[in-house]
Amino acid sequence: MFRSESEVEDRLARPSAALVADLAGDTGDLVVLGAGGKMGPSLCRLARRGLDAAGRTGDRVYAVSRWSDRAAADALAADGVEPVTFDLLGDVDLAGLPDAADVVFMVGAKFGTAAAPHLAWMVNTVLPAAVARRYPTARIAAFSTGNVYPMVPVTSGGSVESDPPGPIGDYAMSCLGREQVFAHAAATRGTPVAVLRLNYAVDLRYGVLADIGQAVLAGEPVDVTTGHVNVVWQGYANEVALRSLRHASPDVFVLNLTGPETASVRRIAARMGERLGRPVSYVGTEASTALLNDATRCHALFGYPDVPLGTLIDWQADSLAAGLPTSGKPTRFTVRDGRF
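Take 1 as the starting number for the sequence shown in UniProt numbering and just add one per residue.
And the structure:
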């Protein structure tokens, strides 16, 4: 049970022994691009703590964002991370960014891109090309999304990394474009690249579980049309991102990043209702397909997520019951036409 948002942040930023061991084998500074997003601050804190535990106290963690929320930047600075205020779209020349041995690319545009598809293509495809030119020799771990795959039968176990992509809509297509831009840098400049197809991270303030739990708590019906999902604890996702830098390669290391379960939305809602003491109602009929990834390769390399699904559901319900803050940014995981 978390009593405050700071306790959630502390849990997210707890490095494992495996992460510390991986970090101990490397040297150099880390730049996190898009550090002001939902996952960025916790990844930066995790990196800072992991580097310190690995004895790399002199290596710096740069958190790059526009930092419209100065309190978030100041909180990172207090934890030993160095915020860098930089408009990655407005500042055409990226030479002002810090040099680094490692880069985690977390910038992305999703919501609102149905009305302004040009934004999706600019942020998700054109910007990565500029970043790849700025960091030709750095190891780059680039977040992507499971949306680059088509929807698959819920009985399939999910798409694997070798499956052909089948993006639906400008968001998904531009994210596949991001992957291809970094692949071009790997092919032409030898840039070591890791691509992480994430599907869906949970940190209690946002995520699929928060979306479902908030509906249950408000007495609203839960839409089960998209009846199955993958979710994973954000702390695990951030750790895999940092550890994946050691696998970055000019051959491009591609990894599905999510939990092991094909989870039923109906069952998640029912468990939320039990935990919250609320009746649950449903709308829609479960479709035979969903956006699902098979993360067997990830789990073989980095171990299973340290927080299982049942615990995540209980944490989420308890967090909502306690009135802890949420981001106000729904995942819109129910969207099936690719229009975000």
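Glycine is no exception: its CB is placed at the ideal position from the N, C-alpha and C atoms.
Give the C-beta separation of residue i and residue j to the nearest angstrom, bearing in mind that I take them to be a contact with Cβ-Cβ under 8 Å.
i	j	result
residue 222	residue 207	Not a contact, Cβ separation roughly 15 Å.
residue 228	residue 292	6 Å
residue 97	residue 242	Residue 97 to residue 242, Cβ: 19 Å. No contact.
residue 240	residue 257	6 Å
residue 104	residue 289	Actually they do not touch by this definition, with Cβ atoms about 32 Å apart.
Assign residue i to buried or exposed, taking buried as 16 or more other Cβ atoms, counted over all protein chains shown, within 10 Å of its Cβ.
i	result
residue 304	exposed
residue 182	buried
residue 343	The structure shown does not extend to residue 343, since the chain spans only 1 to 340, so no value can be given for it.
residue 132	buried
residue 333	buried
residue 155	exposed
residue 85	exposed
residue 325	exposed
Of the choices the options, whose alpha-carbon is the least far from that of residue i?
i	options	result
residue 57	29, 169, 248 and 18	29
residue 191	245, 152, 309 and 158	245
residue 83	96, 90, 65 and 95	65
residue 294	242, 163, 322 and 209	163
residue 340	187, 139, 172 and 132	172
residue 282	273, 290 and 288	273
residue 101	149, 204, 138 and 119	138
residue 142	25, 331, 334 and 254	254
Sorted by chain position, which residues of the same chain lie with C-beta nearer than 7 Å to residue i's C-beta, five sequence neighbours on each side aside?
i	result
residue 49	13 and 15
residue 299	260
residue 284	223, 224 and 225
Since residue i is in the alpha helix (DSSP H), which residue starts that stretch and which ends it?
i	result
residue 296	296-302
residue 124	Element bounds for residue 124: n/a, residue is neither H nor E.
Which residues mark the beginning and the end of the beta strand (DSSP E) in which residue i is found?
i	result
residue 65	61-65
residue 286	Note, residue 286: premise wrong, no beta strand (DSSP E); not H, not E.
residue 82	82-85
residue 145	139-145
residue 238	Segment 234-244 is the alpha helix (DSSP H) holding residue 238; no beta strand (DSSP E) there.
Under 8 Å Cβ to Cβ from residue i, same chain only, skipping five residues before and after it: list those, please.
i	result
residue 51	23, 30, 57, 59 and 61
residue 250	186, 187, 190, 191, 192 and 193
residue 119	109, 112 and 113
By Cβ distance, which residues of its chain are closer than 6 Å to residue i, with the 5 residues on each side in sequence left out?
i	result
residue 266	224
residue 215	222
residue 338	168, 169 and 172
residue 129	181
residue 146	197, 199, 291 and 293
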